Each structure stands twice: as structure tokens, then as C-alpha cells.
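Order-wise, the sequence lines are chains U and X.
Taking my numbering, the leading residue of the first sequence gets 1, the next gets one more, and so forth.
Taking my numbering, the leading residue of the second sequence gets 1, the next gets one more, and so forth.
Every residue gets a Cβ at the ideal spot worked out from N, C-alpha and C, and that includes glycine.
Keep in mind that this is a model prediction, so the values were computed, not measured.
Notes follow the structure.
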Amino acid sequence: MGSPVNSVPPNGALLEVEDLQVTFAAGGREIRAVAGVNYAVEPGRTLAIIGESGSGKTVGCRAIMGLLPAGTLISGSARLRGTELIGLSDSQLRKYRGSDMAMVFQDPARSLNPTMRVGKQITEAIMTHRKVTKAEAHEQAVELLRLVRIPAAERRFFEYPHQLSGGMRQRVVIAIALACRPKLLFADEATTALDVTTQAQIMELLLELQQELGMALVFISHDLGLAASYADEVVVMYAGKIVEQAPAKRLFGAGGTVKMRYTRALLDAIPHLERPAHTELPVVSGRPPDPAALPPGCSFAPRCPSAADDCRAKEPALTEHAPGHRWACWHPCENGGAA
Amino acid sequence: MAAPLPDVQLATPTPPPLPSLINARQLRAQRMGRALRLWVPAGILIILLAICFLLPLVTTLPSATRGNIIYNNEPPFSQGHLLGTDVQGVDIFSQLVYGGQVAFEISLAVTAIGIAIGGTLGVVAGYASGWVDALVSRILDILIAFPALVLALVIAQGLGPSEFHLILALSVFGIPAVGRIARGATLVIRGLPYITAAELAGTRRWRIIARHIVPNIVPGIVTFSLLGIGVVIILEGALDFLGYGIQAPQPSWGNMIANGQQILSAQPEYVLIPSIALLITVAALNMLGDALRERWGVQ
């Protein structure tokens, strides 16, 4: 992988991911879902990983958590406060899961056991990691329910998941993830299944909790709007690689300087209220490439409006062109690419 | 003070009632039907169980093994013999009751063994995956591949006739059947995010199985087991009929059909009565299983 990482991740990074590669063997073919990814997250910061379906954003995080099926080839490095996670056995990883890093999933309807009271599911997570009595665990669980702003927490403790709304369930899922005060929280499309109002509430909650607990938050989404509103740093992935990486302030807002055509296209695909009604929403034309048969050169070239011959010949490397802003493109947009 | 609105404005015409997709009566009928589908077979089974296990305790039934040859071939509804007597003068109703006890005892025992052993194997195989799963699944496949009746026959023959041996022989059918269902259900549950979440939280494996998997596969296992009980009752009857199960003079439904068969043309009721008992029991079990499946949304 020729991605020159010029700047060493800043000192005190909580999670450092270096040249992470994930390869699945499927029917004799090798499919590289993640092809060399580098990023770092500091405590108390929010990183957004953005990309279309199949761009490798979820697989990358699952690899770090050790959630991929046996037989998946994972190489590179992911260090949590200096401890290498890649290559650890399941039982070794168990020490870090929950207590150091936790994950919130996309589907709150299926992230909770339907036959178990929600409070019980929280105390189970607490008692797995801490030597506490049942009464103490109960107390802590109610406290967690209050922390995730669930009203009447004492009563909700004894309810079953089907008695809660989608947003409420996702709050419970977050409470479980926070049960042992992790330092790092992955939110894998954690708000996608919720309606927009609830989505905003959950994102606000995550950020508030992040401030209260000093966690690092990595949220995976296909929604650049969310990243623009909530992230400190944004990583845009395409076909298993990072194509643009920058502080959120640099990409969005007034005078944003988006350099990648792909990022621009994702931004343009967000509906805006200011646009006149019935205007056609721009879409990213074409389909995401088949990871088993990537085109030569830049993998976005077949869908890129400004692709030239050199794009199809040689792959651009992710390079830091401006302080903190990296992109991988031969012909970056001028003026942020605004149409 | 505002002037009262003129009547013209107040009297808005009542809007026509909205056409509803389903009216209240249909809804009520639907609910009724659903309740009936559950409680009719459940009631039949409760009555059958009460007749077989409670009736002999509260009243004195004529002997089901010995009879007076003088009163043989009595027709149904004769004095002291509700359903008449057979060739040897043995009371048919008593035979039906004690035969029913045997049928229920054996089928419930076989199903319990199936759930205990087959269920455990299936859940462990489904959750552990890898070589454990491969090994258990192949063994279950082999057992399923044998024709159940032939295999049970061979085992019953080898062990010798007794109720306990019959239970063992029929368990060879019960264990792999439940095992396969349990494994399949476990695989479905295993793929759900809350199992991953529990694993992520560092929950121990046995705890995930006991608290997160088993409670969620119970509906599937129960509905399948109800159907399984019916099948076991039929298999047990078949083994008795063939002479490899419960031995005369101990009554069983299969025995009764076998005995009656010899005089089928003269007295068809000797075959008909136990057959109808068998039919009602198995049909009620199947209907109850279907109703529960519908209620619990099990596939």
C-alpha cells in the first residue's frame, strides 16, 4: 500500500489504526474489503467514517473489535492506548470489549433480547466486568438509564424491549454499551433506523455523554449531514480506502474546501430545504465497484465527472496536501467543487 | 361577548362514514376464530388426559386385562360396559383408558428426552459451530436418514418388549428431530445483533446460551414438540400393532387395533374405537401446535 502517512498520529491518541487491511476469501476469490486504512482518534474527540454501502466502513470497525468470522485475513495494526488489538485471541479481546471499547449497532429492534427485561440486560453487562452485588448492579443500571435520559428509569428497568419505542430502545442499547464506561465507542449507523427527530436526539445524547465521560466516539454513517453537524474529523471511504480525510470544519460550512469529487457528490445528494421544490436530487451516478474486480487506477474514475486518462492509469495516493487535510485525487475540485 | 354563531354554520352535514377495510364484526369473528383454534384442541386434550389419568382414580373401572368370557362381545352401551366388551369379555372402555395412559406416558417421555438431549445437542452445535457443529449435525443426519419405524423396530426387538424399552427405541426418532430444529433456530438467533452485543459485552458463552438463546427458541421447540408427540403416538401404536411394543394382556391402542383386526368384518367397532381415539388425539395435538405457531409467529 502506497499511502505515505506524513504526520505521525498525535501523541496521546486513544486508537491508532495503521494500514488496516481486511480480506475475505469467498469461493476461491479474495475480496479486499478494507485496503489499507490509517486514522487516529484522541480521547474526547469524534471521528466520522462516511461512505456508501460496501465501502468497508463497517468491516474496518468490526475487524478492530474482533467481530469478523474466523478465516478472515486481517493485517495492519490497531492500537488501543498502545495495545495491539489485531491478532489477539477472542478471550484476550474479551478483556477490552465492554470495558475499553464498546459498540452500538444499527438496528435497535434487534439489538436487545426480546425475552429479557431491559434492566436485566444492563446489569448483565455490568456484572460481567465488575465485582458488584446484584443490588449495586441494579442501582448502577438505573443510574445508566437516567444517564441516557430515559424518564421513569426505575419503572423502565422492569420493562421488556417491545414496550419501548425505537429511540428508547436505542437509548437502552447505548446504556448497555456505556455500562462499563468504555474509553472508545463505535456507533455503527446507530441512528439510521430512527426517524430524523429521534436521530438528532440520539446524536446529541452521544455527544453529551462523550463530553461527560471523556470518551472517543467513532461513528459510521452514510450521512455526510450528520458528520457535518457532529464530527470533529471526517474520513471518507470508497472501495475499502480512505479517499479524503480532514477536520469537519475544513470540509463543511462557509468556505468549505472539499477536494474529492466523491465527497462533493455525497454532499450534493443531501436534500436541502432551500432548493426549489421538485428539483431532481443529484445522485452519485453509477454503482459502487465490485471489490473483487476493482478498475485499474483510481477506483472512483468510472463514476467521476472529471476523470481523465491519468486517473484510469495510475492510482492516486492519499497525501496530506494541506495541514490536516488529505485526499487521494489527481484532479481535486477547485472552490470546494460547488456546482 | 361574541355573538352566537348562526345555526347554519353549526349544522355541518355529518360526513359519510369512512369505508373501513375490515369491520368490527369481521374483527370479532377473526378473534373468535383464533381463540377457538387454540382452545378447542387444548380442551379436547385436557379432557382426554383427564379421562386417562383422573377417571381411574375417582371411579372403579372394570379390569382392562381380565374379563368374564360369559359377557364377551357385548355391544356398546350395554350394562356396566360403556363401549362393550371384546372377544374375551374384557371391557373396551377400560382398555381405551389404560391404553391411552400408555400412549401419553410414552409420547411425553420420548418428547421430554428429545428436548433434553436433542435440544441440548442442537443448541450447542448451532452456537459452537465449527467441528462440533459438523460432528453433531452429521450424527443427527444419519439418525434422521434411517426410516424411523424400522430403526425403532430393530431396537425394540433387540431390547425386548417393555414400556421403558419402547421409550428408548422411539427416542432415536425424537432426539434428532428436536436436535435439528433446535440447531436451526439457534443459528437464526445467533446472527441477531443482541447476541453479538452480548459477546461484545464479554458475557460468558454458557450465559449467552442460557439467557439469550434458549428463551428465544422455546416457542419453536414447543410447537414442533406438539406435532412430535402426535407422531410418536402413531409410531408407538404401530410398534404395538406389529407386536414389538406393549405386550398383551397389557392394553394399548395399537394392541387393540391388532386384536380387532382379526374380526374386522364381523365387529368393525373393535378397530374403529381405538382408531378414533388415536385420530382425535393426534389431530388435537396438531391443531394445538398450529394454533400456537400462529400465535407466536413461529415459522
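If you keep only unbroken beta strand (DSSP E) runs of at least 3 residues inside the stretch 87 to 145 of chain U, you get 101 to 104. Not one beta carbon of chain U lies nearer than 9 Å to the beta carbon of T223(X).
Check the Cα spacing between P274(X) and each of V102(X), F164(X) and I229(X): the tightest is with V102(X).
Note on geometry: alpha-carbon atoms of G33(X) and D141(X) lie some 39 Å from one another. Secondary structure within the stretch 280 to 338 of chain U: the alpha helix (DSSP H) runs of 4 or more consecutive residues, fully enclosed, are 309 to 313 (chain order). P41(X) is the residue among A29(X), P41(X) and N259(X) whose C-alpha sits nearest the C-alpha of L279(X). By the C-beta density criterion, S89(U) is exposed, having fewer than 16 other C-beta atoms within 10 angstroms. Look at P193(X): its C-beta is under 9 Å from a C-beta on chain U. With contact defined as three or more Cβ pairs closer than 8 Å, the stretch 85 to 103 of chain U and the stretch 276 to 293 of chain U are not in contact. Bridge partners of K241(U) according to DSSP: Y238(U). Across the stretch 119 to 141 of chain U, CB contacts with chain X closer than 7 Å involve E124, A125, T128 and H129, in sequence order along the chain. Secondary-structure assignment with DSSP links V41(U) through a beta bridge to L15(U). Within the same chain, Cβ atoms closer than 8 Å to the Cβ of I221(X) are found at I115, G119, V178, I181, A182 and A185, the five residues on either side in sequence being excluded. One alpha carbon belongs to R37(X), the other to T281(X), and they sit about 15 Å apart. For secondary structure counted as the alpha helix (DSSP H) over 4 or more consecutive residues, the stretch 99 to 185 of chain X holds these complete runs in sequence order: 120 to 128, 130 to 145 and 148 to 159.
Residue range E269 to W296 is occupied by the alpha helix (DSSP H) that includes V271(X).
Per DSSP, the continuous beta strand (DSSP E) segment holding L80(U) begins and ends at L73 to L80.
Straight through space, the alpha carbons of P316(U) and I217(X) are spaced by roughly 51 Å. R94, K95, R97, G98 and S99: these are the residues of the stretch 89 to 100 of chain U whose beta carbon lies less than 8 Å from some beta carbon of chain X, given in chain order. Per DSSP, L61(X) lies in no beta strand (DSSP E) and is assigned neither H nor E.
When CB distances to chain U are screened at a threshold of 7 Å, the residues of the stretch 201 to 220 of chain X falling below it are A201, G202, T203, R211, H212, P215 and N216, in chain order. In the DSSP assignment, A228(U) falls within the alpha helix (DSSP H) that extends over L224 to Y230. Taking a beta-carbon distance threshold of 9 Å, T196(X) counts as an interface residue toward chain U. Comparing alpha carbon positions, the residue from G254(X), A148(X), A197(X) and T203(X) closest to P108(U) is A197(X). The three-state secondary structure of I22(X), taken from DSSP, is coil.
A straight line joining the alpha-carbon of G60(U) with that of D100(U) spans about 18 Å. DSSP lists H81(X) as the beta-bridge partner residues of S78(X). Taking all protein chains in view, the Cβ of Q211(U) is surrounded by fewer than 16 other Cβ atoms within 10 Å, so the residue is classified as exposed. Below 8 Å, too few C-beta pairs join the stretch 205 to 221 of chain U and the stretch 22 to 35 of chain U to call them touching: fewer than three.
For G297(X), the nearest beta carbon of chain U is not closer than 9 Å to its own beta carbon. Looking at the DSSP output, Q95(X) bridges to nothing. Boundaries around S221(U) are those of the beta strand (DSSP E), A216 to S221, since no alpha helix (DSSP H) includes it.
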